[in-house]
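These notes concern the structure reproduced below.
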Amino acid sequence: MSAQQELKIYKLDDVAVHNKEDDCWLAIDGLVYDVTKFLNFHPAGKQVILTYAGKDATQIFHYFHAKIVLTKYKKFVIGKIDPTELPAIKAPILKFKNSFGEGIPFGDPNSVQGWFSPFYNESHHKLRAAAREWVQKEIAPYVDSWDESYNIPKELFKKAGQQGIYKAVMGKYPTNFVDNNRIFGVEIEKLDSFHEMIIIEEICKPGSDGIIWGLVGGISIGLPPILKFASRELQQKYMRPVLEGDKLICLAITEPWAGSDVSGIRTKAILSEDKTHYVVTGMKKFITTAIYSDAFTVAVRTGGPGHGGISLLVIDAKTPGVKVRKMKMQGVWCSGTSFITFDEVKVPVSQLIGQEGQGFNYIMQNFNHERLTLCVESLALARVAYEESMSYAHKRKTFGKTLISHPVIRNKIAHMVRQIESAYALMEQVIYNFDTMNEKQSNSQLAGTIAILKAHTTQVLENVATEAVQIHGGQGYTRGALGGKVERIYRDTKAMTQGGGTPEILYDLGVRQASKLMPQPRL
């Protein structure tokens, strides 16, 4: 029996007598709260609460607060309202309440809102339900505080590893490094990219790009080069500890003078005369999760200029000469984005991934996967911004009627849906083919499409986030308020358009890739 089922049952008349400053109860969402000790701590003052003392304050509470706020005040719950006295739920709302999630139309992917889809089976639906439950318990209540503190607690990474999250975000299932194929307790016979997509979407549900980047982003791009190209010794050293959440790793490529132009990196790795180690000198900038990481997969220059002179080394964070400092960004505050310096750092040759001079090729091998995950994140966050806007528009009143009653607001929401759903349909097709094609086919036929899709989905996110702020008004520009998710998503969007390649670079790349596939004209 759950704690809520064991709570004492009260009539509304029972609550009504507790309407004084020294004895103040409220009813919200069918639960009874004794807020007497909270009165003087309410941000807007005690009179706001006393106005509704002894009453059902559900409607006014949700008018000014996000639902997640209630999770912080469970200690004040003393009972529940007699179910016979709760207001009846109208039929359409009842239908949504009994379906997956909140039931806001388009607030979740169509596959969980009653639509039929060829891409998903029962394991996908079970995984989504289990992932959502875990995220709502372990992440959602703490997002605001983690964001404001620029930090994700270390224990969350361990919990994520225990749930099997890291096994599913590699782009290729590393079966020889894990003991079972259970993720969030769900037995998955054959893991595919749709399972990965679902996990990313659910971690995005609290509306923080900083969380998804910090918790998953660094590992999902830092570990695959080891998985695919490293020696058995390196794999044994890093794979299991990272997959189980005991150690963290990230990818360090970008430098102050080299971003999308990977071939422009200057960090040098000079082989010692006795050929036992490299001496690494240089710096890396905008490195996601570096401040949390125990090791870095680092792009270094072991040869001459250009692509052929680049190699990959795994450098432990505690190696003498390594310094990491957290960077303060416009958004993604808890992503752990950092600046790394290497001052004559000695790295054993055994830490080289694969062969010297092949680093650029190894990096390129994972770009499709990285960009595809950014597509998933962008549309997941856009959907959250839409969902918040749709919900807000149905309860906020202006000029005597709800926002949704105004044609201009309905138009904004319609364009949100148009952009999200059309991009999502293409993304599902790309993900299916990403799994189905072999690597050669994928690199030749999907690379350009993924590049364009990544640019497009990040711009969809920008557009939706902007309109979400407009719909929320001042609430959408206030941290931690009813529009807190929208404010944070809006602040985080530029990280999505910049990371993994800018739209300017990717649209050009997409067309150049398409040109390579053009049939030769007959002369």
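The end of the sequence shown is residue 523 by the UniProt record's numbering, with every number in the run present. A virtual CB, placed ideally from N, CA and C, is assigned to each residue, including glycine. Given the structure is predicted, the values throughout are model-derived calculations rather than measurements.
Asked: Option nearest Ala258 by Cα separation, candidates Thr402, Asp508, Gly500; Found: Gly500
Asked: Beta-carbon proximity of Thr281 to Phe342, cut-off 9 angstroms; Found: yes
Asked: Residue closest to Thr289, alpha-carbon to alpha-carbon, out of Trp333, Glu273, Asn176; Found: Trp333
Asked: Residues near Gln351 in its chain [Cβ-Cβ closer than 6 angstroms; skip 5 each side]; Found: Leu313, Val314
Asked: For Gln59 and Gln475, the rounded distance between their alpha carbons; Found: 17 angstroms
Asked: Residues of its chain near Ala447, where Cβ-Cβ distance is below 7 angstroms and the 5 sequence neighbours each way are ignored; Found: Asn368, Gln513
Asked: 7 angstroms CB neighbourhood of Ala423 in its chain, flanking five on each side removed; Found: Leu379, His456, Thr457, Val460
Asked: Residue interval of the alpha helix (DSSP H) (run including Ile310); Found: Where Ile310 is concerned, there is no enclosing alpha helix (DSSP H), although the beta strand (DSSP E) it sits in stretches over 310-316.
Asked: Where Val135 sits in the DSSP three-state scheme; Found: helix
Asked: Other residues of its chain near Lys205: CB distance less than 8 angstroms, five sequence neighbours each side excluded; Found: Arg132, Val135, Gln136, Ala140, Ala380, Val384
Asked: Residues of its chain near Phe106, where Cβ-Cβ distance is below 6 angstroms and the 5 sequence neighbours each way are ignored; Found: Val417
Asked: Cut-off 8 angstroms between Cβ atoms - residues of its own chain near Arg232, not counting five sequence neighbours on either side; Found: none
Asked: Nearest residue (CA-CA) to Ser311, options Val300, His394, Leu127, Ile287; Found: Val300
Asked: Expected contact under 8 angstroms - CB spacing of Phe64 and Phe38 to nearest Å; Found: The pair is not a contact, with the Cβ atoms about 15 angstroms apart (cut-off 8 angstroms).
Asked: Other residues of its chain near Arg128: CB distance less than 7 angstroms, five sequence neighbours each side excluded; Found: Val112, Ile198, Glu202
Asked: Residue 612 vs Arg371 beta-carbon contact at 9 angstroms; Found: Any property of residue 612 remains undetermined from this structure, which presents the chain solely from 1 to 523.
Asked: Inter-residue spacing [alpha-carbon to alpha-carbon] between Ser2 and Tyr278; Found: Note that Ser2 scores 48 on pLDDT, short of 50, meaning its location in the model is unreliable; the coordinates nonetheless yield the value given after this. So the alpha carbons of these two residues sit roughly 59 angstroms apart.
Asked: Where Ser99 falls, given that 16 or more other Cβ within 10 Å makes a residue buried; Found: Annotation note: pLDDT 48 at Ser99 (below 50); position unreliable, coordinate value reported separately. With fewer than 16 other Cβ atoms within 10 Å, it is exposed.
Asked: Contact under 9 angstroms by Cβ, Thr297 with Leu403; Found: no
Asked: Alpha carbon of Met390 to alpha carbon of Asp209, nearest angstrom; Found: 21 angstroms
Asked: Nearest-angstrom Cα separation, counted from Leu12 out to Tyr73; Found: 21 angstroms
Asked: Under the three-state DSSP convention, the category Asp192 falls into; Found: coil
Asked: Own chain residues within Cβ distance below 6 angstroms of Leu7, not counting five before or after; Found: Gly79, Lys80
Asked: Within 9 angstroms, strictly: CB atoms of Glu388 and His472; Found: yes
Asked: For Trp213, the three-state DSSP class (helix, strand or coil); Found: helix
Asked: For Lys190, the nearest candidate out of Gly161, Glu122, Pro348, Glu155 (CA to CA); Found: Glu122
Asked: Residue-level contact to chain D via CB, Leu379, 9 angstroms cutoff; Found: Absent from the structure is chain D; it holds one protein chain and no more.
Asked: Ala16 to Trp25 span [Cα, whole Å]; Found: 8 angstroms
Asked: Start-end ranges of the alpha helix (DSSP H) lying completely within the segment 47-78, minimum 4 residues; Found: 58-64
Asked: Own chain partners of Val186 with C-beta closer than 8 angstroms, once the 5 adjacent residues on each side are dropped; Found: Ser123, Lys126, Leu127, Ala130
Asked: Extent of the continuous alpha helix (DSSP H) to which Tyr362 belongs; Found: 359-365
Asked: From Phe184, Gln235, Tyr150, residue whose alpha carbon lies closest to that of Asn176; Found: Gln235
Asked: Contact set for Lys20: own chain, Cβ-Cβ below 6 angstroms, skip 5 residues either direction; Found: none
Asked: N- and C-terminal bounds of the alpha helix (DSSP H) containing Ser111; Found: Ser111 -> no alpha helix (DSSP H), and no H or E assigned at all.
Asked: Leu248 versus Ser293: straight-line alpha-carbon distance, rounded; Found: 5 angstroms
Asked: Beta-carbon spacing of Tyr386, Gly483 below 9 angstroms; Found: no
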